[in-house]
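Enquirer:
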Amino acid sequence: MKKIKILIIEDMMLTAQKMKRTLQLAGYDVVAIASKSEQAIEVMLHNDIDLIIADINIKGELNGIQTAQLIQKNFNVPVIFLTSYHDDSTLEEASIVDFTGYIVKPYLDSHLLREVKLASFRFGLSDKIEPISLNNYIYDSKNKALFKDSKQVKLTKKEEQFLHILIQNKNTLVSNEYIDLVLWHDSMTYDENRRQLLFRLRKKIPDLEIQTIKGEGYILKV
9 MKKIKILIIE
19 DMMLTAQKMK
29 RTLQLAGYDV
39 VAIASKSEQA
49 IEVMLHNDID
59 LIIADINIKG
69 ELNGIQTAQL
79 IQKNFNVPVI
89 FLTSYHDDST
99 LEEASIVDFT
109 GYIVKPYLDS
119 HLLREVKLAS
129 FRFGLSDKIE
139 PISLNNYIYD
149 SKNKALFKDS
159 KQVKLTKKEE
169 QFLHILIQNK
179 NTLVSNEYID
189 LVLWHDSMTY
199 DENRRQLLFR
209 LRKKIPDLEI
219 QTIKGEGYIL
229 KV
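Here my numbering is used: the first residue of the sequence shown is 9, the next is one more, and so on.
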């Protein structure tokens with residue numbers, strides 16, 4: 009498994025250094041800390057970054073949201089936001105960016121590591137590049153793309169994420185709570201959402217057996 013390369017965008021150096029130490033101890037590669045948007049862009053141009061953790065309220069010409077938006081126009085990289093606020097207006101402002109998670113200050117190290125781990129599962133950041141053979145399908149784990157007879161099976165983003173979780177844990181029970189946490193950012197019950205998602209997925213990939221364990225979760229049988 010490769011080390012996930014992370015860029016931290018944060019203008020409070022004590023916070024940034026603490027975050028860097030926590031991530032490095034957990035086995036992640038913190039490539040750089042950028043305190044301004046210009047520095048962040050420079051890092052992106054010269055490094056293969058897998059994940060960005062950006063404070064929403066950095067000082068400078070562009071704030072963290074605007075910086076992340078600019079980066080995502082040029083680089084396909086997931087973003088986790090760091091913020092002191094958790095109100096609707098902040099989330100609405102952040103919604104211009106396709107962010108994968110957010111961390112509210114002050115945060116626990118366990119919360120930081122959970123968000124990074126969830127992002128790694130969602131986007132296949134730590135996967136090996138070799139394709140996976142699944143019955144009559146080939147799965148490209150790096151790009152979360154499924155192929156049959158050399159043709160890509162068209163899936164929605166949620167379908168891709170759901171299938172990716174099942175493939176990462178093939179022949180093992182994946183709990184409803186874990187699926188909800190990864191797909192909908194919390195562990196509340198989304199029974200109808202899950203059922204509809206599974207119904208669509210089974211229609212698109214009939215040659216893969218997804219077993220439902222009532223009240224518990226799902227198993228991809230291969």
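Glycine included, every Cβ here is placed at the ideal spot set by N, Cα and C. Just so you know, these numbers come straight off a predicted model, no measurement behind them.
Can you confirm whether the segment 144-159 touches the segment 106-114 when touching is taken to mean that 3 or more C-beta pairs between the two stretches lie within less than 8 Å?
Expert: Taking 8 Å as the limit for Cβ pairs, the verdict is that the segment 144-159 does not touch the segment 106-114.
Enquirer: Considering just the uninterrupted stretch of the beta strand (DSSP E) at residue 36, what are its terminal residues?
Expert: Segment: none, residue 36 is in no beta strand (DSSP E) and carries neither H nor E.
Enquirer: So what does DSSP say about residue 158, is it helix, strand or coil?
Expert: Coil at residue 158, not helix or strand.
Enquirer: Quick check: does the Cβ of residue 210 come within less than 7 Å of any heavy atom belonging to the ligand PLP?
Expert: As far as ligands go, the structure on display features none, and thus does not contain the ligand PLP.
Enquirer: Provide the residue(s) that pair with residue 72 in DSSP beta bridges, ordered along the chain.
Expert: According to DSSP, residue 72 bridges with nothing at all.
Enquirer: Can you check whether the CB of residue 80 is closer than 8 Å to the CB of residue 58?
Expert: Against a cut-off of 8 Å, the Cβ pair of residue 80 and residue 58 comes out as no contact.
Enquirer: Does residue 157 pass the burial test, meaning 16 or more other C-beta atoms within 10 Å, or should it be called exposed?
Expert: Label assigned to residue 157: exposed.
Enquirer: Helix or strand or just coil, what does DSSP make of residue 140?
Expert: Strand, per DSSP.
Enquirer: On a Cα-Cα basis, can you pick out the residue from 48, 44 and 30 that is closest to residue 15?
Expert: When only C-alpha atoms are compared, the closest one is 48.
Enquirer: Beta-carbon within less than 7 Å of residue 39's beta-carbon, same chain only, minus the 5 sequence neighbours each way: which residues are those?
Expert: Excluding sequence neighbours, residue 39 sits near 13, 14, 15, 51, 55 and 57.
Enquirer: Give the range of the beta strand (DSSP E) segment to which residue 217 is assigned.
Expert: Note, residue 217: beta strand (DSSP E), 217-221.
Enquirer: Mind checking whether residue 225 and residue 182 have CB atoms under 8 Å apart?
Expert: Yes.
Enquirer: Does the distance from the C-beta atom of residue 19 to that of residue 66 stay below 8 Å?
Expert: Their beta carbons are under 8 Å apart, which means residue 19 touches residue 66 by this criterion.
Enquirer: Just reading off the alpha helix (DSSP H) that residue 89 is part of, what are its end residues?
Expert: Segment 87-91 is the beta strand (DSSP E) holding residue 89; no alpha helix (DSSP H) there.
Enquirer: For residue 169, is the classification buried or exposed, using 16 other Cβ atoms within 10 angstroms of its Cβ as the cut-off for buried?
Expert: By the 10 Å Cβ count, residue 169 comes out buried.
Enquirer: Taking 8 Å as the threshold (C-beta atoms), are residue 120 and residue 27 in contact?
Expert: Contact: yes.
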